[in-house]
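K.L.:
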Amino acid sequence: MQWSSAQPPPPGTQPPAAYPYSATTAFTPVQVRQTFGQPYSAAPPASYPPPPAYGPLPINPPPATPLHTNPAAPLTAATPTTTQEPAKKKIDWPESVRNYVQRSFQTSNLDPSVTRAEMEAKLKETISYANDQGHMYTVNWEKMPLPQEMIKEERARARALQQASHFSALSISPSSSKKRKSTDFSEGAAPPWRNGQNRLEDRITFNADKRPAPVEEAQSKSQSKFQKQLEKRQKRFDGGYKSTYREPTPPPSDGPVVGTCETLEKRYLRLTAPPVPSVVRPERVLRQTLELLKRKWKKEQNYSYICDQFKSMRQDLTVQRIKNEFTVEVYEIHARIALEKGDLGEYNQCQTQLKALYKMGIKGKSIEFKAYRILYFIHTANRTALNDVLADLTAAEKEEEAIKHALDVRSALALGNYHRFFRLYNDTPNMGAYLMDMFVGRERLAALCNICKAYKPDVPLRFVTEELYFESDADAAQFILDYQGQDLLEDREGTVMFLTGKAKELFEGPRKAAFSRVDIKGQI
Amino acid sequence: MDSLIRTFSNAQSSRDGYQLAQTLSPDLPQQQLQAIWKSCGHHDAQNVIKRGIQNSTSGFEKLPKDEVQGWSDVYLAYWKAIGELLPALNQAPQSSWTKVYDAWKELLSALYRGYIGQGFEAWSIPCLYVVAKNLRFFALKADEERNNNVAAGDTSGQIFQDDFDPESEQNQKLEDCARQLNRIFTLCLNDRAPLEESRKWGIYYIINLLFKTYFKLNSASLSKNILKTLSAYRGDMPPLSAFPKSQQVTFKYYEGVLCFLEENYFQAEEHLTQAWSLCHKDAMKNKELILTYLVPCHLLTTHTLPSQKLLEPYPRLQKLFLPLSNCIKKGELHAFDLALQQGEDEFVKRRIYLTLERGRDIALRNLLRKVFIAGGFEESKVEGGPRVRRTRIPVAEFAAAISLGSKQMLETDEIECLMANMIYKNLMKGYIARERGFVVLSKSGAFPGTGV
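Chains as they are written, first to last, in numbering that gives the first Met the number 0: chain S, 0 to 523; chain G, 0 to 451.
#1: Give a yes or no on contact between the segment 314 to 328 of chain S and the segment 275 to 291 of chain S, applying the rule of three or more CB pairs nearer than 8 angstroms.
#2: Can you look up residue 341 (chain S) in the DSSP assignment and give me helix, strand or coil?
#3: Just mark residue 496 (chain S) as buried or exposed, buried being the case when its beta carbon has 16 or more other beta carbons within 10 Å.
#4: Distance cutoff 8 angstroms, beta carbons only. Does residue 433 (chain G) sit that close to anything in chain S?
#5: With 16 as the cutoff for other CB atoms within 10 Å, does residue 96 (chain G) come out buried or exposed?
#6: So what does DSSP say about residue 497 (chain S), is it helix, strand or coil?
#7: Is residue 269 (chain S) near the ligand SAM, in the sense that its beta carbon is under 7 angstroms from a heavy atom of that ligand?
#8: Do you know whose CA, among G:3, G:318 and G:423, lies nearest residue 343 (chain G)'s CA?
#9: Would a C-beta distance cut-off of 8 angstroms place residue 118 (chain S) and residue 146 (chain S) closer than the cut-off?
#10: Are the beta-carbon atoms of residue 371 (chain S) and residue 363 (chain S) separated by less than 8 angstroms?
#11: Is the Cβ-Cβ distance between residue 366 (chain G) and residue 421 (chain G) less than 8 angstroms?
#12: Could you tell me whether the Cβ of residue 452 (chain S) comes closer than 8 angstroms to any Cβ of chain G?
#13: Within a Cβ cutoff of 7 angstroms, which residues of the same chain sit near residue 506 (chain S), ignoring the five residues on either side of it in sequence?
#14: Can you tell which of S:419, S:281 and S:269 has the C-alpha that lies nearest to the C-alpha of residue 262 (chain S)?
#15: Between residue 275 (chain S) and chain G, is there a C-beta pair that is closer than 8 angstroms?
#16: Looking only at C-alpha atoms, which of G:245, G:85 and G:308 sits nearest to residue 35 (chain G)?
#17: Smallest Cα separation from residue 186 (chain G): which of G:175, G:170, G:172 and G:203?
#18: Could you check whether the Cβ of residue 417 (chain S) sits closer than 8 angstroms to any Cβ belonging to chain G?
#19: In whole angstroms, give me the CA-to-CA distance for residue 68 (chain G) and residue 49 (chain G).
#20: Name, please, each residue of chain S whose Cβ falls closer than 8 angstroms to the Cβ of residue 219 (chain G).
#21: Short of 7 angstroms Cβ to Cβ, which residues in the segment 357 to 371 of chain S face chain G?
#22: Please state the DSSP three-state secondary structure of residue 465 (chain G).
#23: Per DSSP, which one or two residues make a beta bridge with residue 392 (chain G)?
#24: Report the neighbours of residue 416 (chain G) on chain S: residues whose CB is nearer than 7 angstroms to its CB, in chain order.
#25: How many Å lie between residue 295 (chain S) and residue 265 (chain S) at the Cα?
#26: Using three-state DSSP, classify residue 15 (chain G) as helix, strand or coil.
#27: Against residue 389 (chain S), what residues of chain G qualify as contacts under a CB-to-CB distance less than 7 angstroms, listed in chain order?
#28: Taking residue 299 (chain G) and residue 357 (chain G) to be in contact with their CB atoms under 8 angstroms, please state how far apart those CB atoms are, rounded to whole angstroms.
#29: Starting from the Cα of residue 334 (chain G), find the closest Cα among G:17, G:374, G:406 and G:433 and give me that residue.
#30: Cα separation between residue 278 (chain G) and residue 251 (chain G)?
#31: Establish whether the CB of residue 430 (chain G) and some CB of chain S are separated by less than 8 angstroms.
#32: Can you confirm whether the segment 382 to 400 of chain S touches the segment 429 to 442 of chain S when touching is taken to mean that 3 or more C-beta pairs between the two stretches lie within less than 8 angstroms?
#33: Tell me, please, which residues DSSP counts as bridged to residue 430 (chain G).
#34: DSSP three-state call for residue 139 (chain G): helix, strand or coil?
#35: Using a Cβ-Cβ distance under 8 angstroms, would residue 501 (chain S) count as near chain G?
#36: Tell me, please, whether the CB atom of residue 205 (chain G) is closer than 8 angstroms to any CB atom in chain S?
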């Protein structure tokens, strides 16, 4: 799995039409895509195929026509533009900018690891940034690193970031990042060209080899201040520094963060510093993330990946203080997935949140999840919490099927009515059976203890199978055998009997052990 | 301020902690608070107070310099807190209980510093009681006030969290208060001075406050840590019985309730019984609280019900327990279910629902016992020998009784299951012979403890 910004932005992350670009990137109607693209279409996009959604979106570079100083340059064809975008404001692109664009697409400068689409996006970003800032004429376009270099620099940086966690975020001032419009997310504030001051070296390092440069090297090359801090921190983590010095905690911001990150996927990292907007995804993006994750979950069933992604989503929601039906949906889906995979720690975190969110009056599948909550506390034998759940339920809720079922399970167990318990087990709504599976084993032991003490001299094995809802006699027998009950089974003229009278305390020990061992990680 | 300092001086010379503590109470008539607040201004408060403290004692009893400074800080903090408290009491526009809380916390800190580094003596610990008690009070006020103004979103503490923590948002100040109390707890616990002049004498008062706070915060389980720490230090601690009775009762009550919540009914009963017997005879409210848990305990440990006489002085407890008791006594399953359902909200609120629910076993036992008795006697095998109760009873008879009693038809398997439970829990002695459809009960004491 790729994690870094080196990934192409997935489809759908394109800025919407209302995005400020469109206003500033008006241009003389010169056709763009075909001429740009054709000569290069043979160049393999390497491992970064441009996502399809990119295609139809017009990139609006400066007019190509006046730039044909280089006959080899592929910009000759001047077919009329196919762009539908109306030119709102006419911008006279300075010669230097045009040269810069041209230089970017020179064959000798192309890099197979950077796709066209990425380059175009970067170009657009760089130029419109300069335009927005009014730097268009002051920037030294001659010295400006080419887009492919910037992209690679960012990739290296993202890799470094990834390794040293998100600490780097500290050194980026959140205020300036608001101006940032790019889909790029590895950086907060720095304008695109700052990313690769060490052009030549970078080019040597990267052009020579498609593989990512080792992180350390990348760090030493890009000698920016924050990189050095980053390195320092990393050393500290490795145990290189024994110093007890701590970074001063920056003062907490006034309100919730408003994210600007446009990337769908994000690896989860525990926050130890205030979040930085550039690595936080706004709700609009998170909604797409959720759809993506749902698809991926269906297709790949990779729990560790999904769990990690959901955690980072939850984090983004929290730091932005987004509490609405979408939030509920995220937690609900994560809770269900965690349930399915038996990850009770994660499940519990979700349900705690859900409880609070429902309490605020946000709609969701509250009945379903309140029922799970009851079953969960039965499993963890948390009487205090069970009592609290009971206190929170309204009379109407108690009549809802799922909740009623869970309450019946609870009371059946409280009264030792295993008969009813196993009937209920067989008829559990929603995903409650995943939870009940967790404690059905110990309840079987408890029931066996009961049966062994109460019935003399024996019962048919079939009786055990039916009362304790085993799939088959064989399963029931196996369960008994698992606890060294081999002497208790006797074949009597074709009927297997379970010699309860001889069992004595056989199941008592395991029962006690099973009930004492309810230790869940994440349980408060 | 002058009268305050006079009291201070008296208390210092007589070493009367409770008198001294009075000077730090916020619980005064408003005029008095006004007077204290107006007796000095921002510019001179520090000097006025310091001079006052300095001159309050003389001769032999002159306070050491450190201590003078310490008490001056304490009273300055007190004076400032009054300055916040007065507008809050009058609901003045700029006032808030949060400010009162913060100012009062300063006062507690000043005291804390006094004990740590400025030589405050242990006899003055009642000051800690008064200040700590009121800190809790102000915390509750502040949380309540903030929760009423939902719009005010003070979220600064939350920023590093992956998920929301709604509980702690609601109880921000009370949680902070618990932390402060914990500091004081350690302050008392770790005093190494000889017992006669040790702050250890303050420990149970603070523990009780902590328990109270933890229960309010819905994290009673944290109290366990306190108990653990306490038992680790038990060796160098004065015995509980040497502390004021009020503190003993409260402590025992909480200890009992904690055991109760963990289903250690035998231990719970022990603690609660101690609290009950130490409790002042006229402290009706406290006795009622103790009984709220002691009665369910008793039901489970000894299978006995409270007598009419015991509950007589407590109409609320009567309402709580009598309907259930009657059903249990008569073995009326259906009525029991109804009574439990009717009282559910009240039971849940007091956290006794899950315990009382188990009373159904006793009701069932009583019903089965009736069946047994109704079975009558068998012909004695020996001519003229003692009559013997019929001990082989068809399951069908029990089934009829249970189905009638609970007003629903149950399958035979479920009936057997209920009987198996009775046998397993030693409420009934005997065994089920499934093949023949009989229950065979013990000839001697089929229902232990009930005379048959």
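For glycine and all other residues, C-beta sits at the position ideal for the given N, C-alpha and C.
Owing to the predicted nature of the structure, the values given are computational and were not obtained by experimental measurement.
P.N.:
Taking the definition as stated:
#1: yes
#2: coil
#3: buried
#4: yes
#5: buried
#6: strand
#7: This structure lacks the ligand SAM, and indeed carries no ligand of any kind.
#8: G:318
#9: yes
#10: no
#11: no
#12: yes
#13: 444, 447, 448, 451 and 482
#14: S:281
#15: no
#16: G:85
#17: G:203
#18: yes
#19: 7 angstroms
#20: 383
#21: none
#22: Nothing can be reported for residue 465 (chain G), as the shown portion of chain G is limited to 0 through 451.
#23: G:438
#24: 416, 417 and 418
#25: 14 angstroms
#26: coil
#27: 347 and 352
#28: 6 angstroms
#29: G:406
#30: 10 angstroms
#31: yes
#32: no
#33: G:439
#34: helix
#35: no
#36: no
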